[in-house]
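Below is one structure, written out as structure tokens, with a few remarks after it.
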Amino acid sequence: MLERRRRSNGFYPGDRRSFRAIPEDRRRYTPDYPKHIILSMDRAKELDPRRALLAVLLIGATVLVPFALSATGHLGPARELAGRYRMVTDADGMLLFCTGLPVTVGDQFIGHSNEIYSITRVERERATAVPVMVERNVPDLEQQLVVIEDPPLGRAAMPLGVLSRTVVIYHTHTDESYEPTDGRPFITARGGVVAVGDSLRRALEGVGYIVVHDQTPHHPHDALAYARSRRTATSNLKHKPYLMFDIHRDSGPAETYVVRVEGEPASQVLLVVGRQNPLLTANLSLARKIKSVADAAYPALVKGIFLAMGDYNQDLDPGALLLEVGTEKVPREMCERSMGFFARVIARAFGAPGV
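According to the working numbering, the sequence shown is numbered sequentially starting from 41.
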């Protein structure tokens, strides 16, 4: 029998001995299998097969999931404060707004009087913002509208050339609910926020809008919920929506959202725009227009505009906005009432096409 040829590392082809048994100075590594990879693979052989499989799956998840998200170009928001909230104040400690949304340095908030604040410091349960400027050149929207008569919803303000409008409503977090009404803050797949969205649907249909209320659930309520709801939003682009609202409920004490509108208790609405978004200019312009009309008609209805890290899927359509309606401590009835007022704002700003 011919003697088997030894490899340069001293082992015969087919030897099952561990790579780690080879003296360090005689090991050979290649670009395809650098040192740390070979050693990791070698250690995996010593594990129980089931544990080794779990290790491989975990490593694959950490590599493939970020790759899949980056391949879509989607920049979802950071993880939300599940069940908690952060108070955003100015340097003197005056409360600007309260939210369960992620807050990062560089985010901005446009307040009731159109003052612009920039977030400069973020702590565990508090963030500090400093004034940047006051918008003094907000367009006079009345010059863009032909005012027929003041609502009731009837004929509000009809922009010239407008014949019909389609609105899409969906919910990234379909489990969000309102404790005073629903009994708990989260109800899997069909939380109270879906009923709030349905209230807006009915109010908009009442003035002639075509409304698609997509109630597809996107649970669990985790960091990938926006990736899942992106598929829902994308599928609804076939309706060619003029407006697309992702309706949520915020987190925090009830008093940070409850106001009186037309003498009735109602919830404020926070408009959220993703600032890492190629359509930022269009989305922000839309939010400013809605806020301007709301400020004139129902001064307390819109809390402000929050420009937050991420894109919130608003890169899909220039008419996309995220609405935060109330918190888990606000009765759902107040939030549904607000949607009636919000529909009137939409009718004033963009016309009531069916009337």
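Ideal Cβ placement from N, Cα and C applies to all residues, glycine included.
Residue burial classification, Ser-307 (beta-carbon count within 10 angstroms, cutoff 16): buried
Residue nearest to Thr-139 in terms of C-alpha spacing, selected from Asp-130, Arg-166 and Ile-150: Arg-166
Counting along the chain, where does the alpha helix (DSSP H) carrying Glu-155 start and finish? Looking at the DSSP string, Glu-155 is not in any alpha helix (DSSP H); the run it does join, the beta strand (DSSP E), is 155-162.
Within 10 Å of its beta-carbon, does Glu-216 have 16 or more other beta-carbons around it, so buried, or fewer, so exposed? buried
Which two residues bound the contiguous alpha helix (DSSP H) that contains Ser-325? 320-337
Where does Met-173 sit, in a helix, a strand or coil, going by DSSP? strand
Give me the Cα-Cα distance between Pro-371 and Asn-317, rounded to the nearest whole angstrom. 33 Å
State the DSSP-derived secondary structure class of Tyr-210, mapped to helix, strand or coil. strand
Is the Cβ-Cβ distance between Ile-250 and Val-207 less than 9 Å? yes
Give the range of the beta strand (DSSP E) segment to which Ile-139 is assigned. Before going on, a small fix: residue 139 reads as Thr here, not Ile. Residues 135-139.
Completely contained beta strand (DSSP E) runs for the stretch 243-295, where each covers 3 or more residues: 250-253 and 283-290
Do you know how far the Cα of Glu-155 is from the Cα of Gly-237? 29 Å
So who's on the other strand from Gly-314, going by DSSP bridges? Ala-348
Residue range of the alpha helix (DSSP H) that Ser-378 falls in? 372-390
Nearest-angstrom Cα separation, counted from Leu-356 out to Arg-271: 11 Å
Tell me whether Gly-113 is buried or exposed, calling it buried when 16 or more other Cβ atoms sit within 10 Å of its Cβ. Residue placement at Gly-113 is poorly supported in this model, since its pLDDT is 43, which falls under 50; the coordinates still yield a value, given next. Counting Cβ neighbours within 10 Å, Gly-113 comes out exposed, since fewer than 16 surround it.
Is the distance from the Cβ of Arg-289 to the Cβ of Tyr-218 below 9 Å? yes
Glu-219 - containing alpha helix (DSSP H), residue span: 219-222
Contact set for Leu-136: own chain, Cβ-Cβ below 7 Å, skip 5 residues either direction: Val-128, Thr-129, Asp-130, Phe-149, Gly-151, Tyr-157 and Ala-169
With DSSP as the reference, identify every bridge partner of Ile-150, one or two as the case may be. Ile-156 and Ile-345
Would Thr-256 and Thr-321 be called neighbours here (beta carbons separated by less than 9 Å)? no
Residues bridged to Ala-167 by DSSP? Val-128 and Val-162
Within this structure, are the beta carbons of Thr-367 and Ala-265 separated by less than 9 Å? no
Cut-off 8 Å between Cβ atoms - residues of its own chain near Pro-358, not counting five sequence neighbours on either side: Leu-319, Ala-322, Asn-323 and Leu-326
Per DSSP, cross-strand counterpart(s) of Val-298: Ser-307
What is the rounded straight-line gap between the Cα of Phe-381 and the Cα of Phe-226? 25 Å
Leaving out five residues on either side along the sequence, give the residues of the same chain with a beta carbon under 7 Å from the beta carbon of Glu-304. Arg-377
Going along the chain, which residues of its own chain have a beta-carbon closer than 7 Å to the beta-carbon of Leu-244, five neighbours each way excluded? Val-207, Val-251, Ala-383 and Ile-386
What's the C-alpha gap between Tyr-282 and Tyr-297? 28 Å
Alpha-carbon spacing of Arg-388 relative to Ala-337, whole angstroms: 9 Å
Counting C-beta neighbours from all protein chains within 10 Å, is the total for Ser-153 16 or more, i.e. buried, or is it exposed? exposed
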